[in-house]
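> This is the structure, below, for whatever I ask next.
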Amino acid sequence: MKVNRLKYLLVLSLLLNFSLLGAAGYTYYQKTRHQSSPFGYGAPGRVPMGSSSIQPHLFEALSLRPEQRNLFEQKAPLFHAALDKKREKVDRLRGSLFDLMRADYPDSKTIETTIAEINGIQEEMQQMVVAHMLEFKSMLDKDQQKKFFDLIQGAMTRRQEIQCP
Numbered sequence: 146m147k148v149n150r151l152k153y154l155l156v157l158s159l160l161l162n163f164s165l166l167g168a169a170g171y172t173y174y175q176k177t178r179h180q181s182s183p184f185g186y187g188a189p190g191r192v193p194m195g196s197s198s199i200q201p202h203l204f205e206a207l208s209l210r211p212e213q214r215n216l217f218e219q220k221a222p223l224f225h226a227a228l229d230k231k232r233e234k235v236d237r238l239r240g241s242l243f244d245l246m247r248a249d250y251p252d253s254k255t256i257e258t259t260i261a262e263i264n265g266i267q268e269e270m271q272q273m274v275v276a277h278m279l280e281f282k283s284m285l286d287k288d289q290q291k292k293f294f295d296l297i298q299g300a301m302t303r304r305q306e307i308q309c310p
């Protein structure tokens, strides 16, 4: 009787351990699969500047040659730093916009001016992104260009998670 009970506890313990391992593996998979998004704020999976593992999944998907990868790894942090500065400015202006709207007597002219400033910065950001993508495209061969634009288009139309270079 005691042996059966020990076997039962062993099987139960093993099932519990495998369940926990499976849950941990699934959580890790979900976190790494949705690591980054170039289209939203915060870019949760953004690789810190100076890291040697910038956008490995995009670089692998494009089958970059080592010299291409090195060039992109040099250029990407500078682009992302400039874009982050613009995002920070937009965030500050949005905070100001909310402060203006919370006032007892909101000044509609100042609100319109702040909105125009936000729009101007967002337009600059879009122009920066397009220029960066065209520069990136110029360094790729035809097959890589097709893959690159397919991946970016997929990310933009289906909100698929991917880190742009």
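Numbered according to this note's numbering, the sequence shown terminates at residue 310, and the numbering increases by one at each position without gaps.
For every residue, glycine included, the Cβ atom is placed at its ideal position computed from N, Cα and C.
#1: Please identify the residue among 280, 205, 230 whose C-alpha is closest to the C-alpha of residue 269.
#2: For residue 248, which three-state DSSP category applies?
#3: Can the beta-carbon of residue 242 be found less than 7 Å from the beta-carbon of residue 255?
#4: Among the residues of its own chain, which have a CB less than 7 Å from the CB of residue 277, if the five just before and after it don't count?
#5: Pick out the complete alpha helix (DSSP H) segments inside the region 220-302, 4 residues or longer, and give them in chain order.
#6: What separation, rounded to the nearest whole angstrom, lies between the Cα atoms of residue 166 and residue 151?
#7: For residue 180 and residue 257, I'd like the C-alpha separation in whole angstroms.
#8: When we look at the beta-carbon of residue 163 and count the other beta-carbons within 10 Å, is it buried (16 or more) or exposed?
#9: So, with DSSP's three-state summary, where would you put residue 214?
#10: Please state whether DSSP places residue 208 in a helix, a strand or coil.
#11: Grab me the residues of residue 290's own chain with a C-beta within less than 6 Å of its C-beta, minus the 5 sequence neighbours each way, in chain order.
#12: Output yes or no for whether 7 Å exceeds the beta carbon distance between residue 238 and residue 262.
From the atom records:
#1: Reading the sequence shown from its first residue, position 124 is the one you call residue 269. Looking from the CA of residue 269, the closest CA among 280, 205, 230 belongs to 230.
#2: Residue 248 sits at position 103 when you count from the first residue of the sequence shown. Coil, per DSSP.
#3: Numbered from its first residue, the sequence shown carries residue 242 at position 97. Numbered from its first residue, the sequence shown carries residue 255 at position 110. Taking 7 Å as the Cβ cut-off, residue 242 and residue 255 do not qualify as a contacting pair.
#4: Along the sequence shown, read from residue 1 onward, the residue named residue 277 stands at position 132. For residue 277, where only same-chain residues beyond five positions count, the Cβ hits under 7 Å are 224.
#5: 253-283, 287-302
#6: Here residue 166 is taken as the residue at index 21 of the sequence shown, counted from 1. Here residue 151 is taken as the residue at index 6 of the sequence shown, counted from 1. If you take the alpha carbons of residue 166 and residue 151, they lie about 22 Å apart.
#7: Position 35 of the sequence shown, counted from the first residue, corresponds to residue 180. Position 112 of the sequence shown, counted from the first residue, corresponds to residue 257. Because residue 180 sits at a pLDDT of 46, beneath the cut-off of 50, its placement in the model cannot be relied upon, and the following sentence gives the value as read from the coordinates. For residue 180 and residue 257, the distance between alpha carbons rounds to 36 Å.
#8: Looking up residue 163 in the sequence shown gives position 18. The residue in question, residue 163, is exposed, as its Cβ has fewer than 16 Cβ neighbours within 10 Å.
#9: For the purposes of this step, residue 214 is taken as the residue at position 69 of the sequence shown. Three-state DSSP puts residue 214 in a helix.
#10: Your numbering for residue 208 matches position 63 in the sequence shown. Residue 208 falls in the coil class under three-state DSSP.
#11: Residue numbering aside, residue 290 sits at position 145 when the sequence shown is read from its first letter. Cβ neighbours of residue 290 beyond the five flanking positions: 282.
#12: Indexing the sequence shown from 1 puts residue 238 at position 93. Indexing the sequence shown from 1 puts residue 262 at position 117. Result yes, Cβ atoms of residue 238 and residue 262 sit closer than 7 Å.
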